[in-house]
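Okay, so here's the structure we're looking at.
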Amino acid sequence: MISVNKASLPIVEKMMENAEEMKIDVLKLENGATVLDCGVNVDGSFEAGKLFTKICLGGIAHVGVSITGTLDNGIVLPCVKVKTSQPAIATLGAQKAGWSIKVGKFFAMGSGPARALAKMPKATYEEIDYEDDADIAILCLEASTLPNEEVAEFVAEKCGVAVDKVYLLVAPTSSIVGAIQISGRVVENGTYKMLEALHFDVRKVKFAAGIAPVAPIVGDDMKMMGATNDMVLYGGRTYYYIESDENDDVEALCKALPSCSAETYGKPFLEVFKEAEYDFYKIDKGMFAPAVVTINDMRTGKLVSAGKMNEEVVKKSLKYVELE
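Using the working numbering, the letters of the sequence shown map in sequence onto residues 1360 to 1683.
Structure, rendered in structure tokens:
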């Protein structure tokens, strides 16, 4: 079976070898663990964001960053393009931000390959029938501070590997790498909703692709959390190839998938988050989804699409001004 940790290691090594060019920093902790600072005390870069996203996806997806992303009436933003032939493993087995890391005063949301070793959360890996037995652990952290030896020891213990085999990649939400990797979750937003909200067997998704604009740097981590999520919810487009069976209603699945099916649709994400008293668990799960979903039912040959782009909410979220 594919090892998402082993598949990601060459990408980590490429980042380390080209750290100066990618405007990142490589730090060796006293216990031998390796930290890649991709935006805390450094600028980061488009290339670092692309590779960070690919590592989040377990090294088994193609990721690109370009300037071809336009919304309905022409706002031009950089965009992230993702495609994978292992959607369940890449998005839910690796990329899903399913591991809350709290060690002392350090807190981060963890995603990427190491989750498969720690089985965080266990139910996800049972649903997709996947496990990894690598002797290295690669974890991507969304955080505004760098992890220390204690954090590395915690990750090593949970993953069952030696601490000197731990690689921790860190990017704040309010960084170019952070903005890219969040928009790079466009496909994962759809598979997450399929599994968590619609209880669809995501192993039937054979191939997937998506594109989402990258948020400009609009402020601190809180403001950026709103802007980055809005890029996917109101500007993200996905395409899924599904091998259905006779009991699957693919048209109903497609209609239920886009973010416009959520009760809170139409508001910038930060506004929704405030109304939920800053508690993610109070937000309708249906909100976490791409704007537009297209499904190719491989069994019937049908192609169905649902959802809509919403440039007005994106403009509001970004405080966009068009100069004359």
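Yeah, the Cβ is synthetic: ideal placement off N, Cα and C, and Gly gets one too. Values in this document were obtained by computation on a predicted structure and should not be read as measured data.
Item to complete: Sort out for me which residues DSSP pairs residue 1652 with in a bridge.
Response: 1597, 1665
Worksheet item: First and last residue of the beta strand (DSSP E) that includes residue 1307?
Response: The chain is shown from 1360 up to 1683; residue 1307 falls before or after that span and cannot be answered.
Discussion item. Here's a check: name, in chain order, each residue in its chain whose Cβ is nearer than 8 Å to the Cβ of residue 1509, leaving out the five neighbours to either side.
Written reply: 1462, 1463, 1465
Item to complete: Can you give me the Cβ contacts of residue 1542 inside the same chain, cut-off strictly under 8 Å, excluding the 5 residues immediately before and after it?
Response: 1438, 1439, 1571, 1572, 1573, 1574, 1587, 1590, 1591, 1595
Discussion item. Less than 7 Å between the beta carbons of residue 1422 and residue 1413, yes or no?
Written reply: yes
Discussion item. Rounded to the nearest angstrom, what separates residue 1402 and residue 1576 at their Cα positions?
Written reply: 12 Å
Discussion item. Using 7 Å as the threshold, is the C-beta distance between residue 1479 and residue 1532 below it?
Written reply: no
Item to complete: Any chance you could list the beta strand (DSSP E) runs of at least 3 consecutive residues sitting entirely within the segment 1530-1608, in chain order?
Response: 1564-1572, 1596-1601
Worksheet item: Nearest to residue 1664 by alpha carbon, out of 1655, 1670, 1672, 1556?
Response: 1655
Worksheet item: So, helix, strand or coil for residue 1450, using DSSP?
Response: helix
Worksheet item: According to the neighbour-count rule (16 or more other Cβ atoms, all chains shown, within 10 Å of its Cβ), is residue 1680 buried or exposed?
Response: exposed
Worksheet item: Excluding five sequence neighbours on each side, which residues of the same chain lie with their C-beta closer than 7 Å to the C-beta of residue 1580?
Response: 1503, 1531, 1532, 1533
Discussion item. Determine whether the beta carbon atoms of residue 1529 and residue 1396 lie at a separation below 7 Å.
Written reply: yes
Discussion item. Whole angstroms are fine: how far does the CA of residue 1383 sit from the CA of residue 1559?
Written reply: 39 Å
Discussion item. Within 10 Å of its beta-carbon, does residue 1374 have 16 or more other beta-carbons around it, so buried, or fewer, so exposed?
Written reply: buried
Discussion item. Which of the three DSSP states is assigned to residue 1496 in this structure?
Written reply: strand
Discussion item. For residue 1670 and residue 1619, I'd like the C-alpha separation in whole angstroms.
Written reply: 13 Å
Item to complete: Starting from residue 1462, follow the alpha helix (DSSP H) in both directions and report where the run begins and ends.
Response: Where residue 1462 is concerned, there is no enclosing alpha helix (DSSP H), although the beta strand (DSSP E) it sits in stretches over 1458-1462.
Practice prompt. Can you give me the start and stop residues for the alpha helix (DSSP H) that residue 1682 sits inside?
Written response: First-last for residue 1682: undefined, no H or E at that position.
Worksheet item: So which of 1569, 1477, 1486 has the shortest CA-CA distance to residue 1514?
Response: 1477
Worksheet item: Taking Cβ positions, are residue 1418 and residue 1362 nearer each other than 7 Å?
Response: no
Fill in: Terminal residues of the alpha helix (DSSP H) in which residue 1412 lies
1405-1415
Worksheet item: According to the Cβ coordinates, are residue 1569 and residue 1546 closer than 7 Å?
Response: yes
Discussion item. Given 6 Å as the limit, tell me if residue 1564 has its C-beta closer than that to any heavy atom belonging to the ligand MG.
Written reply: Ligands are entirely absent from the displayed structure, and the ligand MG is therefore not among its contents.
Worksheet entry | Where the beta strand (DSSP E) containing residue 1393 begins and where it ends | 1393-1396
Worksheet item: Can you give the beta carbon distance from residue 1617 to residue 1673, rounded, assuming they're within the 8 Å contact cut?
Response: Between residue 1673 and residue 1617 the Cβ distance is about 15 Å, and since that is not below 8 Å, they are no contact.
Worksheet entry | the segment 1487-1507 in contact with the segment 1465-1474 per 3-pair CB rule at 8 Å | yes
Worksheet entry | Backbone secondary structure at residue 1362 - three-state DSSP | coil
Discussion item. As a quick exercise: from 1606, 1678, 1597, pick the residue whose alpha carbon is nearest that of residue 1627.
Written reply: 1678
Practice prompt. Out of 1661, 1623, 1629, point me to the one whose CA is closest to residue 1644's CA.
Written response: 1623
Discussion item. Please tell me whether residue 1364 and residue 1493 are closer than 7 Å, where the distance is taken between their beta carbons.
Written reply: yes
Fill in: Identified DSSP bridge partners for residue 1387
1393
Fill in: Beta carbon of residue 1399 nearer than 7 Å to that of residue 1527
no
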